[in-house]
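Going left to right, the sequence shown walks through residues 1 to 220 as our numbering numbers them. Note that beta-carbon positions come from the ideal geometry of N, C-alpha and C, so glycine has one too. Please read all numbers here as calculations on a predicted model, not as lab measurements. Read the structure below first, then the notes.
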Amino acid sequence: EHCSFDLDVHKYTPDDQEWPRDLPEHFVNSCKYWRNTPFIIRPAAYQGLLDLCWAVCISRSVESSFNLLDDGREPVRLSSQHLVNGVRKHESGYITHFDGDQFPWTGKVDKDLGCTHEHVEEESVYRVNDLVYLDKIVEKDLILILQKQPILAVMKYCDELEVEVLGYNTDTAGKHYWLVKMASGAEWGFNGVGKVMRQISRKEDKSLFVSALYPKVEGN
């Protein structure tokens, strides 16, 4: 398993002094990385000067969960635009209203445009059964969730910043970190993926993540 995007890593075992103590007791691998692939995880999006990281990260989180249902054999591509339409923002930057009634989820099937709002009988159907919101972050719990799917997390960086958490690893110096992707394009970090220090290496009583979100999905 390719656990990172650089060479400054080392595969530790539970007997090593550098073994991360925030991993569940039954773990034997110190890293996890949902790699960028054209089937499960898309390359980092670029939001430009728009404050839309929340919309990009939500749509990508749901999208990757759908794709994991069939290992990306029929890749699902969701548009962040549907989350943006009808959103009104206060001058302070906070969202104050969402005009859902003005943007109903209806339309005709148009395969030429690649956008299908109506269900076609022969196509697969995917459903979001729940969006699980975590307002109290326990990083060991996030590690367990990451075994099944990437997650969305919110950081306090000047203001709130949404990121996709794709995995975690430990470098050769014994520093433990998260692998995150923002909506800043491939020029940010390493092909759009960067590192965020985990709580265990910061020796703080709180995570740098203030909340997290992940979808529970099903398909046929």
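For the pair residue 78 and residue 67, the Cα-to-Cα distance works out to about 11 Å.
Within the model, the alpha-carbon separation for residue 200 versus residue 72 is close to 34 Å.
Residue 181 is classed as buried because its beta carbon has at least 16 other beta carbons within 10 Å across all chains shown. Distances from the CA of residue 150 to each of 142, 157 and 133 were compared; the closest alpha carbon is that of 142. Taken in chain order, the complete beta strand (DSSP E) segments of 3 or more residues contained in the segment 184–217 are 193–197. Between residue 145 and residue 209, the CB-CB gap reaches or exceeds 8 Å. The Cβ atoms of residue 126 and residue 194 do not sit closer than 8 Å to each other. Distance between residue 173 and residue 12, taken at the CA atoms: about 11 Å. According to DSSP, residue pairing for residue 165 in a beta bridge involves 151 and 180. DSSP places residue 15 in the coil class of the three-state scheme, outside both helix and strand. Taking 8 Å as the cut-off, the Cβ atoms of residue 24 and residue 206 do not count as close. Under a 10 Å Cβ-count criterion, residue 157 is classified as exposed, with fewer than 16 other Cβ atoms of the shown protein chains found around its own Cβ.
With fewer than 16 other Cβ atoms inside 10 Å of its own Cβ, residue 48 counts as exposed. When DSSP reads this structure, residue 32 sits in a beta bridge with 168.
Ranked by Cα distance from residue 33, the options 177, 212 and 186 are led by 177. Secondary-structure assignment with DSSP links residue 160 through a beta bridge to 156. In this structure, residue 192 and residue 31 do not form a Cβ contact; the two beta carbons are roughly 19 Å apart against a cut-off of 8 Å.
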